[in-house]
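For reference, the structure is listed below as structure tokens.
Protein chains: 2
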Amino acid sequence: MAPTTRQPAEHPDPPAGKTPLVRGKGRPRSATADQAILDATREALAELGWGGLTMGHVAQRAGVAKTTLYRRWPSKSELVVDAIASLFDQLECADRGSLQADIEAVVARFAELLTLPETQTALLALFAEGSRDPQLRRRIRERIVQPQKVLVEHGRANAQARGEMDPDLDPATADEEIGIIFDTIAGTVEHRLLVSGEPVTADWIRRFTTLLLGPLPGLLR
Amino acid sequence: MAPTTRQPAEHPDPPAGKTPLVRGKGRPRSATADQAILDATREALAELGWGGLTMGHVAQRAGVAKTTLYRRWPSKSELVVDAIASLFDQLECADRGSLQADIEAVVARFAELLTLPETQTALLALFAEGSRDPQLRRRIRERIVQPQKVLVEHGRANAQARGEMDPDLDPATADEEIGIIFDTIAGTVEHRLLVSGEPVTADWIRRFTTLLLGPLPGLLR
DNA sequence: GCAGATACGCTACGACCAGTAGCGAAAGAG
DNA sequence: CTCTTTCGCTACTGGTCGTAGCGTATCTGC
């Protein structure tokens, strides 16, 4: 998976796996083509899945030559990473008055995103590929998983500012608890949507966050 | 993806996607070859991943001809499903005296299984492939997800027999709660091991089950 | 023991896809 | 206007899935 285009010496880590141009000298790259390629990738991914998506198809759909794709992205997986990573930029954690309300909002937004078939196939394909390629795995964590973890810490900061948290709590312990909560939120939604294929409704979200934040309601004596 | 071998008319749903023979007449299929193929599939999957695994490689590793693979499994994905599903047959839910102890034991066993690199690669590859193939997805649910759900219901039955559950609880509500708990357990462990790549230790399991079964300890006021 | 039925290994093949190479033409920068 | 870079095109390599046909090995029923 060696890059085919030469890298600029003064730019050791290209922005997002996309091969940049060397200098502002000759004919510039078409900016509209960039967007058309990413759009075509997302559309094709939603329709055909990872295995069905071919570079030739994406090129035709975007109205460019296949070689143009390889001038900008070194491989199919890199292209797909960029095509879907932007989707997760929309996630945020607004202050809605209580920790439970904040979490419910984030879960709803996260679930909405993971309900899109294009996100499902792309994410799972990336995770699968990442289990073989440590470098890709690292990039996935940086671009997709880590930003979400920041969301949860943001929500905890809001809760603390509202006085919902125990002020005597050891910060290190709180961080560990937050880590568990994040894994639980992300993992549970992922499992339902990506593995079980069951929907995540508003009612389910309420039940889930209640279970997560309070004692188990009514199940145990 | 049409089956290449003819199906017996009196057996509309073959046992596990494996194409069965028609009658006990001629030369029987080698049983040892069956096991050798499944073993080779798991090994190759762990080393090479879904994309790297080729039917020719599996055949060579198992000491059979490639055509023999296609005489028994109609496609690569079907073969991989069977190779992985058998790993999950070992899971069980023994009565250890309390609901928390039962759940901790199941989580520990589940985590142990998902810590194996071959299981990680294989499961992720399966999920990814299943996201674009509804039929495969259904079979994954039947063969892998559903049997685990039975475990949790088994644990609840034990807890009920021990008197840990509220006897007045509506059974339908209890089932829904159980469903949420199952999604939470499976999803959280999957996320930690398959996505984050962080280990699931005994200490983590204790914290997690405590969080799941009781009120949130110390985090909320 | 023998005939029929089936599985097996082998080779070859068709269709498809990722990724590369090299060309002439187009389009912007200075 | 010239120089530089991108673009589209065609052709190509190497590899995989899955199929077809053949001769041979192996088991069952008689």
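Quick note, the sequences are listed as chains X and L, same order.
Each residue of the first sequence is one higher than the one before, counting from 1 in the numbering used here.
Each residue of the second sequence is one higher than the one before, counting from 1001 in the numbering used here.
Positions of the beta carbon are idealized from the N, C-alpha and C atoms, including for glycine.
Among the residues facing chain X, Thr1188/L is included, as its CB has a counterpart in that chain under 8 Å away.
Annotation: Cβ neighbours of Thr1184/L in chain X (cutoff 7 Å, chain order): Thr184 and Thr188. Nearest CB-CB separation between Leu1151/L and chain X: not below the 8 Å threshold. Restricting attention to alpha helix (DSSP H) runs no shorter than 4 residues, the stretch 105–139 of chain X encloses them at 117–130, ordered along the chain.
Contact note: Arg192/X reaches chain L through Asp1183 and Gly1187, using a C-beta cutoff of 8 Å and chain order. For Gly1179/L, the enclosing alpha helix (DSSP H) begins and ends at Pro1171 to Glu1190.
The beta carbons of Gln1120/L and Leu1193/L sit closer together than 8 Å.
Nothing from the stretch 74–104 of chain X brings a Cβ to less than 7 Å from some Cβ of chain L. Residue pairing by DSSP places Met1055/L opposite no residue, since no beta bridge is assigned to it. Residues of the same chain with a CB within less than 8 Å of the CB of Ile205/X, apart from the 5 flanking positions on each side, are Glu104, Val107, Ala108 and Ala111 in chain order. Here Gly1049/L is buried, its C-beta having at least 16 other C-beta atoms within 10 Å.
Counting along the chain, the unbroken alpha helix (DSSP H) around Gly155/X starts and ends at Gln146 to Ala161. Chain-order list of chain X residues neighbouring Ile1180/L: Arg207, Phe208 and Leu211, by C-beta distance under 7 Å. Shown here for Ala1159/L: same chain residues with a beta carbon closer than 6 Å to its own, the five before and five after excluded, namely Leu1099 and Met1165 in chain order. Below the 8 Å Cβ cutoff, chain X contributes Gly197 as neighbours of Arg1137/L, in chain order. Against Val145/X, the close residues of chain L are Val1195 and Ser1196, in the order they occur along the chain (beta-carbon pairs closer than 8 Å).
Check the Cα spacing between Ala202/X and each of Val195/X, Val189/X and Gly179/X: the tightest is with Val189/X. Take Leu1126/L, set aside five residues on each side of it, and the residues of its chain with a beta-carbon closer than 7 Å to its own are Val1080, Val1081, Ile1084 and Ile1140, in chain order.
Counting of Cβ neighbours within 10 angstroms places Thr184/X among the buried residues, the total reaching 16 or more. Taking 8 Å as the threshold, the shortest C-beta distance from Ser1030/L to chain X does not fall below it. Contact check between the stretch 1024–1037 of chain L and the stretch 1051–1071 of chain L: three or more CB pairs, one atom from each, fall below 8 Å, which counts as touching. Along the stretch 109–120 of chain X, going in chain order, the ones with a CB nearer than 7 Å to a CB of chain L are Gln120.
Comparing alpha carbon positions, the residue from Ala174/X, Tyr70/X, Arg156/X and Ala31/X closest to Ala101/X is Arg156/X. Pairing Ser1131/L with Leu124/X gives a Cβ-Cβ distance under 8 Å. Per DSSP, Trp1204/L is one residue of the alpha helix (DSSP H) stretching across Ala1202 to Leu1213. The C-beta of Glu198/X has fewer than 16 other C-beta atoms within 10 Å across all chains shown, which makes the residue exposed. Sorting Asp1133/L, Glu1153/L, Thr1115/L and Ile1180/L by C-alpha distance to the C-alpha of Val200/X places Ile1180/L at the top. Between Leu1069/L and Met1055/L, the beta carbon gap of about 6 Å places them in contact (Cβ cut-off 8 Å). Rounded to the nearest whole angstrom, the CA to CA distance from Leu1053/L to Leu169/X is 50 Å. For Glu1078/L, the enclosing alpha helix (DSSP H) starts and ends at Lys1076 to Ala1085. In terms of Cα proximity to Glu1153/L, the closest of Arg1138/L, Phe1208/L and Glu1092/L is Glu1092/L. Relative to Ala1186/L, the option among Pro1147/L, Gly1051/L and Pro1171/L whose CA is nearest is Pro1147/L.
Contacts with chain X at 8 Å (Cβ-Cβ) do not include Arg1042/L. Between Phe88/X and Leu116/X, the C-beta gap is not smaller than 8 Å, which leaves the two residues out of contact. Out of Arg143/X, Ile144/X and Arg207/X, the CA that lies nearest to the CA of Ala1174/L is found in Arg207/X.
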